[in-house]
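Numbering of the sequence shown is given in the working numbering, commencing with residue 33 and proceeding in unit increments.
Heads up, the beta-carbon is just placed ideally off N, CA and C, and yes, glycines get one too.
On a predicted model such as this, the values are computed, not experimentally measured, just so you know.
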Amino acid sequence: SEVKATMPIADDNPYKKYIEQYADPTNHQVTVIMEGFLERYAAQGLREETLARAQYHFNVALQYEAQFFQQALDHCAAVGC
């Protein structure tokens, strides 16, 4: 949401739709709801194996997200945006 607030997003930006989605307050509301669900679920007690598996998948998802946006940065660095 900071990108959208600090600079205009060109209509031909291939990531415009994703930036707008991330900037949408509804996206953040869903995150808060999911965090609450996971915290309530985890409060019931989870096995170490389950916690480790959840952490692994969370880490992989963040890596994919970072790689997704890094493509745009690399593109802009190569050809200008």
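(request) Pull up the CB-CB distance for A104 and Y47, whole angstroms please, since I reckon it's below 8 Å. (result) On the sequence shown, position 72 is the one that residue 104 refers to. On the sequence shown, position 15 is the one that residue 47 refers to. Indeed, because the Cβ distance is near 5 Å, the residues count as touching under 8 Å.
(request) Report the three-state DSSP secondary structure of Y73 (helix, strand or coil). (result) Within the sequence shown, residue 73 is the residue found at index 41, counting from 1. In this structure, DSSP gives Y73 a helical state, which the three-state scheme calls helix.
(request) Give every residue of the same chain whose Cβ lies closer than 6 Å to the Cβ of G68, excluding the five residues on either side of it in the sequence, and list them in chain order. (result) Taking the sequence shown and counting its residues from 1, the one referred to as residue 68 is at position 36. Result list for G68: empty, nothing under 6 Å.
(request) Please confirm whether I51 and I65 have their CB atoms less than 8 Å apart. (result) Counting from one through the sequence shown, the residue named residue 51 turns up at place 19. Counting from one through the sequence shown, the residue named residue 65 turns up at place 33. I51 is not a Cβ neighbour of I65, given a cutoff of 8 Å.
(message) I need the DSSP call for M66, collapsed to helix, strand or coil.
(response) For the purposes of this step, residue 66 is taken as the residue at position 34 of the sequence shown. If DSSP states are grouped into helix, strand and coil, M66 belongs with the helices.
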